[in-house]
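Heads up: the sequence shown begins at 1 in the UniProt record's numbering, then just goes up one per residue. We treat Cβ as the ideally placed atom computed from N, Cα and C, and that holds for glycine. These notes are about the structure you will find just below.
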Amino acid sequence: MNKVLLIIQREYITRVRKKAFIVMIFVVPLLILGMSAIIGLVAKNSQELSSEQVVNVIDESKMFIGKLHNRKHIKFQASAKSLDEAKKELKDNEDLSVLLIPAGYEKTPVQIFSKKKPSFKLVSEVENQMNTIASNKSLVEHHIDTAYLNSIKKSRINISAMEVTDAGTKDANVGASMGVGIACAIFIYLSLFIYGAQVMRGVIEEKTSRIIEVVISSVKPFQLMLGKIIGVGLVGLTQFGAWILLSVVTSKIAGHAFSGPGSPMAGAIAVLATIPFGYILGCFLFYFLTGYLLYSALFAAVGSAVDSETETQQFMFPITLPLLFTYILSVSVLFQAPDSPLAVWLSIIPFTAPVAMMVRIPFGGVATWQLALSMSLMILGFLFTTYVAARIYRVGILMYGKKASFKELAKWFFYKE
Numbered sequence: 001m002n003k004v005l006l007i008i009q010r011e012y013i014t015r016v017r018k019k020a021f022i023v024m025i026f027v028v029p030l031l032i033l034g035m036s037a038i039i040g041l042v043a044k045n046s047q048e049l050s051s052e053q054v055v056n057v058i059d060e061s062k063m064f065i066g067k068l069h070n071r072k073h074i075k076f077q078a079s080a081k082s083l084d085e086a087k088k089e090l091k092d093n094e095d096l097s098v099l100l101i102p103a104g105y106e107k108t109p110v111q112i113f114s115k116k117k118p119s120f121k122l123v124s125e126v127e128n129q130m131n132t133i134a135s136n137k138s139l140v141e142h143h144i145d146t147a148y149l150n151s152i153k154k155s156r157i158n159i160s161a162m163e164v165t166d167a168g169t170k171d172a173n174v175g176a177s178m179g180v181g182i183a184c185a186i187f188i189y190l191s192l193f194i195y196g197a198q199v200m201r202g203v204i205e206e207k208t209s210r211i212i213e214v215v216i217s218s219v220k221p222f223q224l225m226l227g228k229i230i231g232v233g234l235v236g237l238t239q240f241g242a243w244i245l246l247s248v249v250t251s252k253i254a255g256h257a258f259s260g261p262g263s264p265m266a267g268a269i270a271v272l273a274t275i276p277f278g279y280i281l282g283c284f285l286f287y288f289l290t291g292y293l294l295y296s297a298l299f300a301a302v303g304s305a306v307d308s309e310t311e312t313q314q315f316m317f318p319i320t321l322p323l324l325f326t327y328i329l330s331v332s333v334l335f336q337a338p339d340s341p342l343a344v345w346l347s348i349i350p351f352t353a354p355v356a357m358m359v360r361i362p363f364g365g366v367a368t369w370q371l372a373l374s375m376s377l378m379i380l381g382f383l384f385t386t387y388v389a390a391r392i393y394r395v396g397i398l399m400y401g402k403k404a405s406f407k408e409l410a411k412w413f414f415y416k417e
């Protein structure tokens, strides 16, 4: 046990003393805060940054003349020129477009011409206005009062999602839960890759430099692998702890600076305050740690089976495929139905649980038995993968100059001591 502790100490101290580690502790929270501020400013000022688009309308149907209304940064003006003449004007003006409405616009496509690709906003605005005008025309032809119909459409119903708990009724804050869930899935996906890859690179470096031959004379292969995995894992936990602490401090500072009365930041802080961050953080650390132990053992086995990092690809893809598959589903499907059978099963299977469960937890609908089963299987999962990886690792670290295959790895697993 003392040898394992020495290996853990060496791996931990060597990595946390690096300048890159110290710099990243302070840089990452600042980058996240800076990116959030930039995104907010860009979203707020995007309309002001847009240049005015002038649309020359050639209406061969005579149906839309004078009915297209100007919008912010979009100006419609009728044109009596032919299409060829109007196209010539586009060569010297990137903010000019030509809208051609054919006489049989119901069957013939309406076209927009411009020097560069027209923006989605412009095309969408033209489509919406033309569809509204055409619909109103049909309503009038059928003697339907469009003014009365439009007044009915102005009615807007706002739905407030509420959650009934043992403590009472509270705002469900579905949007905030969705954002936190996706953020957790992204962070745990990236962290498992980053720190697992560090274990693999460390094994490859020691193997190619032949240091492993000296070390293995003093410790057992399993002790070496276990010490390396735990050491790098502690580095990850240290980094996460520092990021969480600095993020809380910077958020507090930003909150006091920008959360005045009526400020959008004040509303955002009030919404985030309803999210159970302590519970989410505890689950995140558990799934990061167990997921890391599960995957890093396999990464270590891969590192021991190859002589260079370029040879790892054939083994990496099958190992990381479940994680990648779940990540793609998490940011596209699972957050929309966090209690669906697919989400439940993915959050229980050890190879997919770290990402899938962290999408579900912020929504608060995870049953106690599902969480307990998932955590139990995660512990059993990393014990199993550590055992399998150790069997491969003990042979692979002393193999040189031979390209390993999955068949070869299976032989290594069954080798006797």
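Practice task
Report buried or exposed for T326, applying the criterion of at least 16 other Cβ atoms within 10 angstroms of its Cβ.
Solution key: buried
Handout entry: L329 beta carbon less than 9 Å from that of L321
Key = no
Problem - F76 (DSSP reduced to helix, strand or coil) - result: strand
Handout entry: Cutoff 8 Å; reference Q9; Cβ partners in own chain excluding five residues on either side
Key = G231
Practice task
Tell me, to the nearest whole angstrom, how far the beta carbon of S79 is from that of N56; I am working on the premise that it is less than 8 Å.
Solution key: 4 Å
Handout entry: Beta-carbon contacts of A300 that lie in its chain and below 8 Å, excluding the five residues immediately before and after
Key = V199, M200, V203, M225, K228, I229, A389 and Y393
Exercise for the section: Report yes or no: do three or more beta-carbon pairs, one from the stretch 182–194 and one from the stretch 372–387, lie closer than 8 Å? Expected result: no
Practice task
Closer than 7 Å by C-beta to P350: which residues in its own chain qualify, once you throw out the five before and the five after it? Chain order, please.
Solution key: L294, L377, M378 and G381
Exercise for the section: Report buried or exposed for N2, applying the criterion of at least 16 other Cβ atoms within 10 angstroms of its Cβ. Expected result: exposed
Problem - Beta-carbon spacing of P362, G236 below 9 Å - result: no
Exercise for the section: Could you tell me whether the Cβ atoms of R391 and F406 are closer together than 9 Å? Expected result: no
Practice task
Just the C-alpha distance for V333 and F288, rounded to the nearest angstrom, thanks.
Solution key: 22 Å
Handout entry: Residues that DSSP places opposite Q111 in a beta bridge
Key = L100
Exercise for the section: Look up N56 in the DSSP assignment and say whether it is helix, strand or coil. Expected result: strand
Practice task
Please list, in chain order, all residues of the same chain as L373 whose beta carbon is under 8 Å from its beta carbon, the five residues on each side excluded.
Solution key: I348
Problem - Cα-Cα separation between G179 and F26, rounded to whole angstroms - result: 24 Å
Exercise for the section: Reducing DSSP to helix, strand and coil, say where R10 ends up. Expected result: helix
Practice task
Return the CA-CA distance between F317 and G303, expressed in angstroms with no decimal places.
Solution key: 14 Å
Practice task
Return the CA-CA distance between C283 and L96, expressed in angstroms with no decimal places.
Solution key: 54 Å
Problem - Cut-off 7 Å between Cβ atoms - residues of its own chain near F335, not counting five sequence neighbours on either side - result: M178, G181, I182 and V359
Practice task
Ignore the nearest five residues each way along the sequence and tell me which others in K67's own chain have a CB closer than 6 Å to its CB.
Solution key: I133
Exercise for the section: Report buried or exposed for T386, applying the criterion of at least 16 other Cβ atoms within 10 angstroms of its Cβ. Expected result: buried
Exercise for the section: For F120, count neighbouring Cβ atoms within 10 angstroms of its own Cβ and tell me buried if that reaches 16, exposed if not. Expected result: exposed
Problem - Bridge partners - R71, DSSP secondary structure assignment - result: I74
Practice task
Let me know the secondary structure DSSP gives P322 once reduced to three states.
Solution key: helix
Exercise for the section: Using a threshold of 9 Å, state whether the C-beta atoms of L100 and E125 are closer than that. Expected result: no
Exercise for the section: Measure the alpha-carbon distance for Q370 versus F277 and round it to whole angstroms. Expected result: 20 Å
Exercise for the section: Spatial neighbours of A185 within its chain, please: CB distance less than 7 Å, with the 5 preceding and 5 following residues excluded, ordered by chain position. Expected result: Y327, S330, V331, V355, M358 and V359
Exercise for the section: Count the other C-beta atoms from every protein chain shown that fall within 10 angstroms of the C-beta of S114, then say buried if there are 16 or more, exposed otherwise. Expected result: buried
Exercise for the section: Can you have a look at A353 and say buried or exposed, based on whether 16 or more other CB atoms are within 10 angstroms of its CB? Expected result: buried
Problem - Coil, strand or helix - D145 by DSSP - result: coil
Exercise for the section: Using 10 angstroms around the beta-carbon of L323, count the other beta-carbons present and answer buried if the total reaches 16, otherwise exposed. Expected result: buried
Problem - Neighbour-count burial assignment, I338, 16 or more Cβ in a 10 Å radius - result: Reading off the sequence, residue 338 comes out as Pro, not Ile. So P338 ends up on the buried side.
Practice task
Could you check which residue in V54, S209 and V16 has the C-alpha nearest to that of I74?
Solution key: V54
Exercise for the section: Figure out for me which residue from I13, V23, I7 and R71 has the closest Cα to the Cα of W243. Expected result: V23
Practice task
State the DSSP-derived secondary structure class of G262, mapped to helix, strand or coil.
Solution key: The pLDDT assigned to G262 is 49, lower than 50, so where the model puts this residue is not dependable; a value taken from the coordinates is nonetheless given after this. G262 falls in the coil class under three-state DSSP.
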